[in-house]
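Last residue of the sequence shown: 91 in my numbering, with the numbers rising by one and none dropped.
Cβ atoms here follow ideal geometry from the backbone N, Cα and C, with glycine treated the same way.
In this text the structure is predicted, and so the values were computed from the model without any measurement.
The structure under discussion appears below in the form of structure tokens.
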Amino acid sequence: MQTIMHPAFQEKLAVLAALLEYSRTLRAETRAKIGAPSYQVVSKGPAWDVVDMATDSVLGFAFSYQAALRFASAMEAGAASKRGIQ
Numbered sequence: 006m007q008t009i010m011h012p013a014f015q016e017k018l019a020v021l022a023a024l025l026e027y028s029r030t031l032r033a034e035t036r037a038k039i040g041a042p043s044y045q046v047v048s049k050g051p052a053w054d055v056v057d058m059a060t061d062s063v064l065g066f067a068f069s070y071q072a073a074l075r076f077a078s079a080m081e082a083g084a085a086s087k088r089g090i091q
């Protein structure tokens, strides 16, 4: 069964979606300006995921925190060399 959403609520959802997109864009621009890390290590149960913060996609995983950090550091170094930063 599908219900009909009140028009005022739909408007608020549209405004919220626009604000979230604006916030996502600003955060990405700020990270680019200050040179913040592009990859994050996130705990997922017994494993650790390495997540690309720009796209929120999982690039890899490891079963130890140290291995996940090494993988994230290697990804950062590869991204820096592609941008021409040593």
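Residue i: which of the options sits nearest, CA to CA?
| i | options | result |
| --- | --- | --- |
| MET80 | TYR44, GLU16, PHE14 | TYR44 |
| THR60 | ALA67, ALA23, PHE14, ALA33 | ALA33 |
| SER48 | ALA72, LEU25, LYS38 | ALA72 |
Less than 8 Å between the beta carbons of residue i and residue j, yes or no?
| i | j | result |
| --- | --- | --- |
| LEU64 | VAL46 | no |
| ALA85 | VAL55 | no |
| PHE58 | ARG36 | Residue 58 is actually Met in this sequence, not Phe. Yes. |
| PRO51 | PHE68 | yes |
| TRP53 | TYR27 | no |
Please list, in chain order, all residues of the same chain as residue i whose beta carbon is under 8 Å from its beta carbon, the five residues on each side excluded.
| i | result |
| --- | --- |
| SER62 | VAL56 |
Tell me the start and end of each unbroken beta strand (DSSP E) in the stretch 13-72 that is at least 3 residues and wholly inside, in chain order. 44-49, 52-57, 62-67
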